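Each step along the sequence shown adds one to the number in the working numbering, with nothing skipped, and position 234 is 384. No residue lacks a Cβ here, since even glycine has one placed at the ideal position from N, Cα and C. For clarity, every value in this text was computed on a predicted model and none was experimentally measured.
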Amino acid sequence: MKRWLGKAETTLGNHSDRLNAINIFPVADGDTGTNLYLTVRAAAAALSAAEAAAAKGPGDGQAKPEQANDVGAVLAAAGRAAMEQARGNSGTLFAVFLCAMAEPLAGHSRLSAPLLASALHRAQIRSWSALSEPVSGTMLSVLEAAAQAAGEADAAQNGDDSNHALGLALDAAVDAAVKAVIRTEEQLAPLHEAHVVDAGGVGMLLVLDCLRAAVLGEELQEELLDGLHGYDVQDPHIHAGLPDDDGVEVMCTIELSPLAAATLRQKLDELGDSVIMSQVGSVAGSGSRSGGDEDDDDDEADGVEASYRWRVHVHVPDAGPAVAAIRSLGEPSDISVSQLALPRDPGASESLSPHES
151 MKRWLGKAET
161 TLGNHSDRLN
171 AINIFPVADG
181 DTGTNLYLTV
191 RAAAAALSAA
201 EAAAAKGPGD
211 GQAKPEQAND
221 VGAVLAAAGR
231 AAMEQARGNS
241 GTLFAVFLCA
251 MAEPLAGHSR
261 LSAPLLASAL
271 HRAQIRSWSA
281 LSEPVSGTML
291 SVLEAAAQAA
301 GEADAAQNGD
311 DSNHALGLAL
321 DAAVDAAVKA
331 VIRTEEQLAP
341 LHEAHVVDAG
351 GVGMLLVLDC
361 LRAAVLGEEL
371 QEELLDGLHG
381 YDVQDPHIHA
391 GLPDDDGVEV
401 MCTIELSPLA
411 AATLRQKLDE
421 LGDSVIMSQV
431 GSVAGSGSRS
441 GGDEDDDDDE
451 ADGVEASYRW
461 RVHVHVPDAG
471 PAVAAIRSLG
481 EPSDISVSQL
491 ALPRDPGASE
501 SLSPHES
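What follows is the structure in structure tokens.
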């Protein structure tokens with residue numbers, strides 16, 4: 151898993167400029183490559199830090215030795231870090247993908263074809279449900295195609311958990327992802343008009359091929375990108391020639407009950423679009439576990455509804471009403487407000503203090 155995320159960090163760093171160049175949906179802000187890279191980097195860094203801590207020996211608050219060999223626990227830790235530091239639509243959806251993949255893998259010391267199929271299936275369901283208005287022709291469609299192909303490959307192998315079967319499932323998932331990326335150009339009118347494929351979809355393809363390469367001990371399949379419209383090095387930055395998008399992107403982390411989270415989602419849907427809300431880690435005040443696992447036992451006996459940490463993302467015309475809606479339900483942390491008309495600079499986000507509105 152560390153090798154996978156390390157490969158993904160390097161690969162997305164190398165491809166960030168080309169991904170930015172074709173990033174025109176949902177807004178032409180040319181930052182998908184940067185957002186994916188920075189989010190994956192946060193996940194990879196979390197695993198490196200955990201490994202370094204484990205090498206020093208167990209201590210208070212550190213992972214138990216057996217957890218270092220738990221694929222689900224490792225990915226859950228990486229997913230939490232990615233979610234806390236997620237950037238943009240694409241980064242947030244990658245973090246959701248990682249956290250969701252971790253859930254079926256909990257307690258397992260190795261990946262297999264049946265587990266891969268289950269993990270990708272869970273990830274595509276959670277990713278689609280995280281968005282208030284999911285759209286086909288995006289990284290969601292690429293993930294869905296990969297999950298379906300992995301499931302079919304696993305079924306054809308009758309649940310074989312050998313490394314050979316895993317290789318076949320990974321190959322099938324990546325092949326399906328390539329075809330899904332090509333289809334994005336016809337699924338979304340803005341992409342069709344600009345004659346490019348979806349940037350987030352290509353990013354997901356790269357992440358999946360990094361997983362294949364890490365598991366099989368092979369190199370990335372650079373030829374997968376051959377012929378993708380808009381992806382040649384000499385192609386211009388498509389987004390630069392399109393009209394600027396008005397408005398801002400607001401992101402934060404906040405502790406809310408499920409009911410309050412549903413209320414916030416409704417309010418943000420009324421104020422803007424590209425609303426993404428997903429749980430981060432465990433119930434507030436409880437032990438760590440994979441995001442999204444809701445157990446009735448975690449509700450306190452005194453009737454107080456359990457709170458969860460949520461990562462919130464929305465595009466709105468003006469930050470004020472969105473921030474007010476968020477603060478009406480709880481006290482957020484790490485609020486950032488970025489202009490959609492400008493490519494995101496990691497140091498340029500406007501961070502609001504708890505007393506600003």
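Next item on the list: Decide if G222 is buried, meaning its Cβ has at least 16 other Cβ atoms within 10 Å, or exposed.
Entry: As a position in the sequence shown, residue 222 is number 72, starting the count at 1. Classification of G222: buried, given that the 10 Å Cβ count is 16 or more.
Notebook entry, point to check: Grouping DSSP H, G and I as helix and E and B as strand, with all else coil, what is V346?
Noted result: As a working note, residue 346 is residue 196 in the sequence shown. Three-state result, V346: coil.
Item checked: Cβ pair count under 8 angstroms reaching 3, the stretch 161-174 against the stretch 182-194 -> yes
Checklist line | Beta bridge counterpart(s) of M401 as assigned by DSSP | finding: Walking along the sequence shown from the start, residue 401 turns up at place 251. The partner list for M401 (beta bridge, DSSP) reads H463, S486.
Notebook entry, point to check: Which stretch, first to last residue, makes up the alpha helix (DSSP H) that contains H314?
Noted result: Within the sequence shown, residue 314 is the residue found at index 164, counting from 1. Its alpha helix (DSSP H) spans residues 313-337.
Next item on the list: Mind reading off the beta-carbon distance from I476 to P467? Whole number of angstroms is fine, and I expect it under 8 angstroms.
Entry: Within the sequence shown, the letter at position 326 stands for residue 476. Within the sequence shown, the letter at position 317 stands for residue 467. With 8 angstroms as the limit, I476 and P467 do not qualify as a contact, their Cβ atoms being about 16 angstroms apart.
Check: Beta carbon of E159, beta carbon of A194: below 7 angstroms?
Finding: Sequence index remark: in the sequence shown, residue 159 carries index 9 (1-based). Sequence index remark: in the sequence shown, residue 194 carries index 44 (1-based). Contact flag set, yes.
Next item on the list: Hey, could you find the ends of the alpha helix (DSSP H) Q298 is sitting in?
Entry: Counting from one through the sequence shown, the residue named residue 298 turns up at place 148. Here the alpha helix (DSSP H) through Q298 covers 289-306.
Next item on the list: Would you kindly work out how many angstroms separate the C-alpha atoms of P471 and A226, rounded to a whole number?
Entry: Here residue 471 corresponds to residue number 321 of the sequence shown, with the count starting at 1. Here residue 226 corresponds to residue number 76 of the sequence shown, with the count starting at 1. Near 33 angstroms, if we compare the C-alpha coordinates of A226 and P471.
Notebook entry, point to check: Considering E373, what are the terminal residues of the alpha helix (DSSP H) in which it resides?
Noted result: Position 223 of the sequence shown, counting from 1, holds the residue named residue 373. Counting along the chain, E373 falls outside any alpha helix (DSSP H), and DSSP gives it neither H nor E.
Notebook entry, point to check: Hey, L361 and W154: beta-carbon distance below 7 angstroms or not?
Noted result: Numbered from its first residue, the sequence shown carries residue 361 at position 211. Numbered from its first residue, the sequence shown carries residue 154 at position 4. Going by C-beta atoms, L361 is nearer than 7 angstroms to W154.
Item checked: Neighbour-count burial assignment, G257, 16 or more Cβ in a 10 Å radius -> Stepping through the sequence shown from its first residue, residue 257 is reached at position 107. By the 10 Å Cβ count, G257 comes out exposed.
Notebook entry, point to check: Beta-carbon separation of A273 and A296 under 7 angstroms?
Noted result: For the purposes of this step, residue 273 is taken as residue 123 along the sequence shown, with counting starting at 1. For the purposes of this step, residue 296 is taken as residue 146 along the sequence shown, with counting starting at 1. Cβ atoms of A273 and A296: not closer than 7 angstroms.
Notebook entry, point to check: Who does L255 pair with in a DSSP beta bridge?
Noted result: For the purposes of this step, residue 255 is taken as the residue at position 105 of the sequence shown. Beta-bridge pairing links L255 to no other residue.
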